[in-house]
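Going by UniProt numbering, 308 is the number at position 308 of the sequence shown; the sequence numbering is gapless.
Even glycine gets a Cβ: it sits at the ideal position worked out from N, Cα and C.
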Amino acid sequence: MVCISNEIGCVLRYSDVANAEVELLGSSGLNVRSEFASKPTGLVDRQKIRNKMLRSSSLRAVSALTSRRALNARTMSSLPSFATVDPDFSGANPTDGFNLVNGEWTKTAKTETIVDPLNGEAFMTMPLTQKNELAPFVESMTSCPKHGLHNPLKNVERYVMYGEVSAKAGAMFREDKVADYFAKLVQRTSPKSYFQARNEVKVTGKFLENFSGDQVRFLASSFGVPGDHQGQTSNGHRWPYGPVALITPFNFPIEIPVLQMMGALFMGNKVLLKVDSKVSIVMQETLRLLHECGMPLTDVDFINSDGAVMNDLLMQIKPRNTLFTGSQAVAEKLAKDLSGRIKLEDAGFDWKVLGPDVRDFDYVAWTSDQDAYACSGQKCSAQSVLFMHKNWAKAGLEKKLAELAARRKLSDLTIGPVLTVSTKRMLDHAAALLKLPGARVAFGAEELENHTIPEKYGAVKPTAIFVPLKEFVKPENFELVTTEIFGPFQVITEYDGNELPEVLDALERMEAHLTAAVVSNDQDFTNEVLSATVNGTTYSGIRARTTGAPQNHWFGPAGDPCAGGIGTPEAIKLVWSCHREIINDVGPVPANWTLPEAT
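Here is the structure:
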């Protein structure tokens, strides 16, 4: 038997080597038979083989193909060329994942069993990296200098290379076979409707297309300013940080990590990537696609671990910058641990204000339903609170929202498992809100029927709790009412024109400022609200939403020096590069210059 897997650097042991595997390795340009012949009963020189394979242009294909050895021929023929995971994995047909460090796919001594969020069956085994296994990651990340893998004065060909990688990857994401593969993989790990999953893949592909060709090079554009004497010019450059870290959550398994990771790579950084292990198999396969498109295997290290081990790794490698997307509590801890060298896209209690002008009723209602309950409310931008002008209440908006919510079904995943909030937690929160005077259930606040979702996850119907504005704004109630529940849960309230100052005061007192929507075409009204608020991504107008976040505009919080962004050139430059000024002062020294007095 021969130890040939997708961990390219593993020790190969000679025995009865299958011809197919020999030929597979042979296709990389490595004379496997001669290597085995020289050591017929012992160990093949690991480093010699590894070095040859790393130099080979066919390494990426070898890595992917050897990983597919466990898949039967029929399954392999139906998957994209880079894929090593069948997206239809289940308890009966489980799958497993890998770490990637310094160009090698590796396993760990301990593993974490991930259960199917739909039925609780063990369906995935992921590496559970321990502290005594961090040395290769530390060595790999600290090998990257502060001036990065490339910068405007070094290895500039890599800007062009990443434009080519993005072009190839964007083209692959346009292929139905590839897009469907990733959509199903997203659905399998973070259950959401096929439309939502496919749209996440579409946005990812569009981003890659946006940064193809020379666009990566244009990201690093410099500017020059004339000096104050002959021979002096000042040039501002976008400079990489060098070793950086990226930590992303479960809810967008491909969109968030790809957009942030590629932005970091474009600017010249080496990336340590940590994705929630419940969904990291998606990025494992995405990395394989990118490797096939020409991304160097050593540019990204990919780790699966618990939070404590990841925190320890960060303390050892001391990344020059870290982007964290996730809960506010973890964000605040990391900001302290990393001495402020961090950018945050933490969760937000995202609000929507409906103005006095009632129009396009069905569209506004549908958008509110989507904002609150698509992906079972598990979006950082999900609508957490709805302020209805009394005109919308009189028009019957609450009833319409209840009707739209009732259409959502577990069978098509338009409502589904909540991966970070249990059923009990959500129902307990509803019960706490209902103790407030005048509060009532608008709809929902019940467990899903006939489901097999594990108890540790959440399974509730789309829920809205009405809280009167006068109770909402009371200081003793405010923290409770504005507690974010990362699931299909929102608070709704009603106001009239003379109560708008109270609404604006409530918005001012909220702690997180990610997304918001001002739904009105009344320009005076929208100006009054927009001028008194700070949310980083705010939609305005009758079609305003809270969950837009495509690839064509900035997405991120505001009002915080640590606020990060995603998706646009401005976001990439803000998060993944810093300003460096180089002043060229070449003379000539004036002919009449004399040594001045000491000053």
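Check	Outcome
Confirm the yes/no value for this check: CB of Gln383, any heavy atom of the ligand ATP, distance under 7 Å.	The ligand ATP is not part of this structure, which contains no ligands at all.
Please report the distance separating the alpha-carbon of Phe173 from that of Ala549.	19 Å
For the alpha helix (DSSP H) containing Arg198, name the first residue and the last one.	194-210
Should Phe472 and Val481 be called a contact, given that it needs their Cβ atoms to be closer than 8 Å?	yes
Between Arg238, Met295, Asn132, His229, which has its C-alpha nearest Leu208's C-alpha?	Met295
Report the partner residues of Ser90 according to the DSSP bridge assignment.	Ser90 pairs with nothing; no bridge assigned.
With a 10 Å radius around its C-beta and 16 neighbouring C-beta atoms as the bar for buried, classify Arg359 as buried or exposed.	exposed
Excluding the five sequence neighbours on either side, which residues of its own chain have a C-beta within less than 7 Å of the C-beta of Glu200, listed in chain order?	Val186, Phe252, Ile254, Glu255
Assuming the contact rule is C-beta atoms closer than 8 Å, Val519 and Thr538 should be a hit. Round their C-beta distance to whole Å, please.	Their Cβ separation, rounded to whole angstroms, is 11 Å, which puts Val519 and Thr538 out of contact at 8 Å.
Excluding sequence positions up to five away, which residues of its chain have a Cβ less than 6 Å from the Cβ of Arg60?	Legend: pLDDT at Arg60 = 48, less than 50; position of this residue unreliable, value from coordinates given subsequently. Answer for Arg60: His291, Glu292, listed in chain order.
Please report how far the alpha carbon of Lys110 lies from the alpha carbon of Pro127, in whole angstroms.	7 Å
May I ask you to verify whether the stretch 257-269 touches the stretch 149-158, counting CB pairs closer than 8 Å and requiring at least 3?	yes
Consult DSSP for Val282 and reduce its assignment to one of helix, strand or coil.	helix
Quick one: give me the first and last residue of the alpha helix (DSSP H) that Gly163 is part of.	157-174
Would you kindly report the start and end of the unbroken alpha helix (DSSP H) that includes Arg509?	500-509
Drop a sphere of 10 angstroms on the beta-carbon of Tyr363, count the other beta-carbons inside from all chains shown, and report buried for 16 or more, exposed for fewer.	exposed
Which two residues bound the contiguous beta strand (DSSP E) that contains His237?	232-239
What number of angstroms, rounded off, separates the C-alpha of Asp45 from the C-alpha of Thr84?	Unreliable placement is indicated for Asp45, whose pLDDT of 47 sits below 50; the coordinate value is still reported in the next sentence. Those two C-alpha atoms are separated by around 26 Å.
Exposed or buried, Lys39, counting other C-beta atoms within 10 Å across all chains shown (16 or more means buried)?	Summary for Lys39: the model assigns pLDDT 40, below 50, so the residue's position carries little reliability, and this model does not support an answer.
Do you know how far the Cα of Phe466 is from the Cα of Ser422?	21 Å
Tell me which residue opens and which closes the alpha helix (DSSP H) that Gln260 is part of.	255-266
Are the stretch 318-334 and the stretch 363-379 in contact at 8 Å, needing three or more beta carbon pairs?	no
Just to confirm before moving on: does the CB-CB distance between Ala563 and Leu314 stay below 8 Å?	no
Quick one: what's got a C-beta closer than 6 Å to Arg341's C-beta in the same chain, skipping five residues either side?	Asn321
Excluding sequence positions up to five away, which residues of its chain have a Cβ less than 6 Å from the Cβ of Met283?	Pro257, Val275
Can you find the residues in the same chain that come closer than 7 Å, C-beta to C-beta, to Ala167, ignoring five residues on each side of it along the sequence?	Ser212, Gly213
Using a threshold of 8 Å, state whether the C-beta atoms of Leu219 and Gly567 are closer than that.	no
If we ignore side chains and look at the alpha-carbon of each, how far apart do Gln197 and Val586 end up?	Just to set this straight, residue 197 is Ala in the shown sequence, not Gln. Going from the Cα of Ala197 to the Cα of Val586 covers about 56 Å.
Using only the alpha-carbon positions, how far apart do Gly416 and Ser277 sit?	19 Å
Which two residues bound the contiguous alpha helix (DSSP H) that contains Phe250?	Taken as a continuous stretch (DSSP letters only), Phe250 belongs to no alpha helix (DSSP H), as it is neither H nor E.
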